[in-house]
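Here's the structure we're looking at; comments come further down.
Number of protein chains: 2
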Amino acid sequence: MPANLDEIDHHLLDLLQQDSGRTLAELGDLVGLSPSAVQRRVERYRASGLVRREVAVVDPSAALLAVCLVTLDHESPEEHARFREWVLAAPEVQQLYNVSGDHDYVVVLATTGMPHHRRVADRVLKSAPGLRRYSTMFVLDPVWTSLTVPTRDA
Amino acid sequence: MPANLDEIDHHLLDLLQQDSGRTLAELGDLVGLSPSAVQRRVERYRASGLVRREVAVVDPSAALLAVCLVTLDHESPEEHARFREWVLAAPEVQQLYNVSGDHDYVVVLATTGMPHHRRVADRVLKSAPGLRRYSTMFVLDPVWTSLTVPTRDA
DNA sequence: GCCGATCACGCAATAATCTCGCGTGCCCGC
DNA sequence: GCGGGCACGCGAGATTATTGCGTGATCGGC
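Protein chains in written order, with the working numbering: chain Z, 1 to 154; chain G, 1001 to 1154.
Quick look at the structure:
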């Protein structure tokens, strides 16, 4: 996974993170390369794991999102592993972060509505192994969502 | 934006949210349709806004993520609007949710490292209009990240 | 300072994929 | 029972992706 990224790489990765539906020719025009050169760079990102995959982004306002702050009973690695495995088994878990501070995990749940959310919260969180307690913040408005990551300082 | 989605639509949307790099023929095999039928359905999702766009997902472990809980001074719509506009202007803001509960917003920041994070936090949050206080949870491990949304109950 | 190796590039031919018009069958309302 | 509207599969044509080849630049060793 070579971190040897030049200016064009940064530009390309920005463009791909915004919209990967563009053709190689379009990308080439935007960054000043031929289509084949673009193709070879993009293939390199994929092979190195820098670019994991391409996904379609579904309008999040069609769903009910909830941000849950989770605290576990103990700090043992085994307990963390069990908890992760348990939570990841649920497809409604959109994001799972191990975080520093008062809580151990931040879990983002995406469901079709409150009934669905209750079922998922009961099944996934309430009965999760090693869970001490959790609190839920319901998302009133998903103002902005992305998975964009900066490849260099702005 | 017709919510008239049949079983094949749900299946297709699941597949596209997992990996939109597949060819129309592959998708057709997986859902039992011809490539052209798949193409027409996918085009409908895009036209209706159900599918917003396609993006490349960059490995998040290459970045420093931070989940910030923000409380504003007042509840006025104008203040919320100003705050949103201010925060959204920063490209390092990966996600911005207006939430219920003790805090007003959840902000996910993605930066290249702690120096970058400090600059962004100072510029984007500390000096945000109407901000009363915020707390930061640093992401130790981005166990799972996606923008996947369920289109029906599981 | 020169030479060879390596790498990324552009170009062009080929292969793969997408796009779209057409004809057919199904379902629903009349 | 009889149209009308839809979504389908098929297939031709256009667009796009892929790959081999030759060239120029850069770098390290001699």
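C-beta atoms are modelled at their ideal positions from N, C-alpha and C, and glycine is treated no differently.
Remember, it's a predicted structure, so these values are computed and weren't measured experimentally.
Q. Could you give the distance in angstroms between the alpha-carbon of Ser-1100 of chain G and the alpha-carbon of Thr-1071 of chain G?
A. 11 Å
Taking Cβ positions only, does Ala-1047 of chain G come closer than 8 Å to chain Z?
-> no
Contacting positions in the region 83-99 of chain Z - beta carbon closer than 9 Å to chain G
Arg-84, Val-87, Leu-88, Ala-90, Pro-91, Glu-92, Val-93, Gln-94, Gln-95, Leu-96, Tyr-97, Asn-98, Val-99
Members of the region 112-141 of chain Z near chain G, C-beta cut-off 9 Å
Thr-112, Gly-113, Pro-115, His-116, Arg-119, Val-120, Ser-135, Thr-136, Met-137, Phe-138, Val-139, Leu-140, Asp-141
Inset, instruction - Measure the CB-CB distance between Val-143 of chain Z and Ala-66 of chain Z and report whether it falls below 8 Å. - result: no
Q | Nearest-angstrom Cβ-Cβ length linking Asp-1059 of chain G and Arg-44 of chain Z, presumed shorter than 8 Å | A | Between Arg-44 of chain Z and Asp-1059 of chain G the Cβ distance is about 14 Å, and since that is not below 8 Å, they are no contact.
Quick check on DSSP: helix, strand or coil for Ser-135 of chain Z?
strand
Throw me the rounded Cβ distance for the Arg-84 of chain Z and Leu-96 of chain Z pair, which I believe falls under 8 Å.
7 Å
The region 1008-1041 of chain G: which residues have C-beta closer than 8 Å to a C-beta of chain Z, in chain order? Leu-1013, Leu-1016, Gln-1017, Gln-1018, Asp-1019, Ser-1020, Gly-1021
Within this structure, are the beta carbons of Leu-1069 of chain G and Val-1120 of chain G separated by less than 8 Å? no
In angstroms, rounded to a whole number, what distance separates the CA positions of Leu-1162 of chain G and Ile-1008 of chain G?
Because residue 1162 of chain G is not part of the residues shown, which for chain G are 1001 to 1154, the question remains open.
Go ahead and pull the three-state DSSP assignment for Arg-152 of chain Z.
coil
Under 8 Å between the Cβ atoms of Thr-1111 of chain G and His-1117 of chain G? yes
Fill in: Counted within 10 angstroms of its Cβ, other Cβ atoms place Glu-1091 of chain G as buried (16 or more) or exposed
Glu is not the amino acid found at residue 1091 of chain G; the sequence shown has Pro there. Per the 10 Å Cβ criterion, exposed.
* Closer than 8 Å, CB to CB, is Glu-54 of chain Z near chain G or not? -> yes
Next on the checklist: So that I know if they touch, is there some Cβ in chain Z lying closer than 8 Å to that of Pro-1060 of chain G?
Outcome noted: yes
message = Check whether chain G comes within 8 Å of Leu-147 of chain Z, counting only Cβ atoms and requiring the distance to be less than that.
response = yes
Checklist line | Three-state secondary structure (DSSP) of Pro-1142 of chain G | finding: strand
Around the C-beta of Gly-1113 of chain G, are 16 or more other C-beta atoms found within 10 angstroms, so that it is buried, or is it exposed? exposed
### Message
Assuming Ala-1089 of chain G is part of the alpha helix (DSSP H), what are its boundary residues?
### Response
Per DSSP, Ala-1089 of chain G belongs to no alpha helix (DSSP H) and is neither H nor E.
Mapping the DSSP letters down to three states, classify Met-1001 of chain G as helix, strand or coil. Note that Met-1001 of chain G has pLDDT 48, beneath the 50 cutoff, so the model's placement of it is unreliable and the number below is only indicative. Of the three classes helix, strand and coil, the one that applies to Met-1001 of chain G here is coil, per DSSP.
### Task
Please go through the same chain and pick out, in chain order, the residues whose beta-carbon is closer than 8 Å to the beta-carbon of Val-1149 of chain G, but skip the five residues on each side of it.
Gln-1017
inquiry  = Check whether chain G comes within 8 Å of Pro-150 of chain Z, counting only Cβ atoms and requiring the distance to be less than that.
reply    = yes
Worksheet item: Using a Cβ-Cβ distance under 8 Å, would His-1074 of chain G count as near chain Z?
Response: no
| request: For Ala-1063 of chain G, return the contacting residues in chain Z, with the cut-off set at a CB-CB distance below 7 Å. | output: Val-149, Pro-150
Just mark Thr-1151 of chain G as buried or exposed, buried being the case when its beta carbon has 16 or more other beta carbons within 10 Å. buried
Inset, instruction - Grab the span of the alpha helix (DSSP H) containing Glu-54 of chain Z for me, first residue to last. - result: It is not in any alpha helix (DSSP H) - Glu-54 of chain Z instead sits in the beta strand (DSSP E) that spans 51-58.
Item to check | Reference Leu-109 of chain Z, options Z:Arg-46, Z:Ala-56, Z:Tyr-134, closest by Cα | outcome: Z:Tyr-134
- Query: chain Z beta carbons: is any one of them nearer than 8 Å to that of Asp-1153 of chain G?
  - Reply: yes
For Ala-47 of chain Z and Arg-41 of chain Z, what's the separation of their Cα atoms in angstroms? 10 Å
> Span of the alpha helix (DSSP H) holding Val-1038 of chain G?
Replying inline: 1035-1048
- Query: Does Ala-81 of chain Z get closer than 8 Å to chain G when you measure Cβ to Cβ?
  - Reply: no
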